[in-house]
Ligand SMILES: Nc1ncnc2c1ncn2[C@@H]1O[C@H](COP(=O)(O)OP(=O)(O)O)[C@@H](O)[C@H]1O
Ligand SMILES: [Mg+2]
């Protein structure tokens with residue numbers, strides 16, 4: 161489903177990723193770990209086409225994504241659900257409207273939107289907060305809204321960059337089990353996290369980066 | 002926490018299918034949202050509308066003034082004059098006698114005689130061809146009679162008179178003096194050109210004001226644009242609310258401009274009427290009218306949309322997720 165083939169990413173004088181080759185299968189759940197600055201975010205940003213690889217080939221769903229042009233980026237990104245550390249919610253609209261945004265972008269009907277938003281909020285346990293303003297929610301709740309928004313359009317791939325970075329261990333564990341639940345129904349999940357204690361308790365492949373190089377988990381899980 | 006996924010079958014959901022109904026819905030929503038955001042900042046919105054309104058009202062008002070002026074001009078009785086160029090060999094005395102006979106006609110108010118030398122001097126100063134004429138041996142001009150028709154002579158009778166005079170043996174050529182009409186027409190054309198020129202400048206000003214309004218709106222919603230782009234919103238989706246902001250601001254400005262013109266019209270109509278009364282005219286002033294109001298409003302809308310499209314192309318692309 162996702163394949164890195166000798167991928168390099170170079171910023172002016174600095175290699176953020178060096179010679180990364182690995183495959184993530186459909187339906188897999190993997191963690192991406194390493195110290196700060198190891199290249200985890202860069203890895204995910206290349207997948208989302210927020211950055212372009214300096215060399216090497218990145219294949220998603222059998223397609224070389226360097227072929228995706230400027231105009232194709234929006235449509236390409238809709239293939240993913242994306243969860244951010246700072247959740248990137250819009251504070252000028254309700255929880256419901258935040259979660260509905262990807263569906264509006266994709267042009268779903270109001271009826272479908274309503275149904276799907278409720279289902280997504282139900283899954284993250286926030287059905288009763290649909291009219292709340294995100295700013296008034298706790299950090300854990302905000303992150304769950306972010307996850308609901310990421311899965312509402314039922315993407316095949318879910319990417320998360322430090323989704324538990326701002327949460328205490330208890331909430332972090334809850335968020336991770338939420339991701340596992342989505343993975344169980346077939347979603348490919350890639351989570352960048354430096355919280356080794358948390359992720360090593362979960363039984364999934366761990367890809368380790370160090371100074372932009374792949375140092376572990378490159379082989380199949 | 003509820004982590005059951007019973008309702009959702011798999012992550013392999015249906016792909017997005019763009020539906021007309023959904024598209025229309027989003028348009029309506031974007032239109033309503035943009036309007037609501039503008040109403041939430043009444044002062045800023047009003048300032049924009051007033052600026053755009055003035056920029057549109059001024060050329061519209063001048064244009065209206067000009068329409069009225071040329072309508073008045075076309076109705077004014079033409080104080081036309083006929084110049085009779087007499088035969089080369091007729092003497093000045095013969096010319097004076099001929100003038101006396103003509104003066105007795107009812108359709109002629111007055112006749113004056115212009116000596117050929119005077120005529121040459123007049124011609125020289127009129128045309129600025131002094132030096133050329135000084136080089137001439139002989140005066141090529143004949144004696145000339147200047148005939149002022151009676152006031153009640155209409156266009157047809159005037160032509161009949163000109164025909165009659167042209168048929169007289171003393172007369173070589175009849176020249177209808179229509180210079181003043183040409184002058185008026187040229188003046189009106191000049192002023193119209195000026196109005197078009199200043200109008201274009203004012204509209205350019207309106208476009209800049211509107212484009213700046215859109216730029217500020219884009220800045221204010223930067224976070225939203227970033228998120229939309231992050232989660233796969235296309236240009237069309239991100240652009241839509243701002244195009245509506247431009248459309249509403251333009252329509253509002255156009256409407257306000259129309260109101261300003263109407264106000265200005267009321268303001269000047271009383272003195273304008275007394276002025277027209279002096280000319281004993283039953284002419285009625287032409288206002289903007291419903292068609293004019295609609296036209297100005299639509300024009301405002303078009304300008305707003307155009308400005309927004311320009312601003313969006315310029316600024317939206319620069320906002321990319323980091
Ligand atoms: N836009 C950029 N310009 C220059 N250097 C960058 C940029 N983005 C990331 N880097 C560098 O690339 C390296 C990897 O960064 P990142 O992928 O964010 O690491 P991580 O997410 O693992 O902390 C870091 O040294 C970082 O400073
Ligand atoms: Mg990072």
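Residue numbers (the numbering used here), protein chains in the order written: chain A, 161 to 381; chain G, 2 to 323. Glycine included, C-beta positions come from ideal geometry on N, C-alpha and C.
Between residue 268 of chain A and chain G, the shortest Cβ-Cβ separation is below 7 Å. For a Cβ distance threshold of 9 Å, residue set 23, 26, 27, 30, 234, 238 of chain G lies close to residue 264 of chain A, ordered along the chain. For residue 239 of chain G, the enclosing alpha helix (DSSP H) covers residues 236-279. Between ligand 2 and the CB of residue 169 of chain A, the shortest heavy atom gap is not smaller than 6 Å.
Taking C-beta separations shorter than 8 Å and ignoring five residues to either side along the sequence, the partners of residue 241 of chain G in its chain run 27, 28, 31, following chain order. When DSSP states are grouped into helix, strand and coil, residue 251 of chain A belongs to the coil group. For the set G:57, G:140, G:228, the Cα lying nearest the Cα of residue 119 of chain G is the one of G:140. One finds 228, 231 in chain G with Cβ atoms closer than 7 Å to the Cβ of residue 248 of chain A, taken in chain order. In the assembly as shown, residue 203 of chain A is a buried residue. Its beta-carbon has 16 or more other beta-carbons within 10 Å. Distances from the CB of residue 201 of chain A to the heavy atoms of ligand 1 include at least one below 6 Å. Taking 8 Å as the upper bound for CB-CB distance, residue 369 of chain A and residue 199 of chain A are in contact here, some 5 Å apart. In this chain, the alpha helix (DSSP H) harbouring residue 128 of chain G covers 117-128.
Spanning the alpha carbons of residue 184 of chain G and residue 287 of chain G requires a straight line of approximately 24 Å. In the DSSP assignment, residue 171 of chain A falls outside any alpha helix (DSSP H) and lies within the beta strand (DSSP E) extending over 162-171. At a beta-carbon threshold of 7 Å, none of the residues of chain G lie near residue 295 of chain A; the nearest stands roughly 13 Å away. Residue 177 of chain A and residue 372 of chain A do touch by the CB rule: their CB atoms are close to 5 Å apart, below 8 Å. Residue 276 of chain A and residue 257 of chain G have their C-alpha atoms roughly 44 Å apart. DSSP places residue 84 of chain G inside the beta strand (DSSP E), whose first and last residues are 82-87. Neighbours of residue 237 of chain A in chain G, taken as residues whose beta carbon is under 9 Å from its own, are 230, 231, 232, 233, 234 in chain order. Excluding sequence positions up to five before and after residue 219 of chain A, its CB lies within less than 6 Å of the CB of 163, all in the same chain and listed in chain order. Those residues of the region 42-73 of chain G placed with their C-beta closer than 7 Å to a C-beta in chain A do not exist. The beta carbon of residue 225 of chain G sits closer than 7 Å to some beta carbon of chain A. Interface with chain G (7 Å Cβ-Cβ cutoff): residue 206 of chain A is excluded. For residue 322 of chain G, the neighbours in chain A by C-beta distance under 8 Å run, in chain order, 210. For the pair residue 261 of chain A and residue 294 of chain A, the CB atoms are not nearer than the 7 Å cut-off. In this structure, residue 198 of chain A has its beta carbon less than 6 Å from a heavy atom of ligand 1. Only exposed fits residue 231 of chain A, as fewer than 16 other CB atoms lie within 10 angstroms of its CB.
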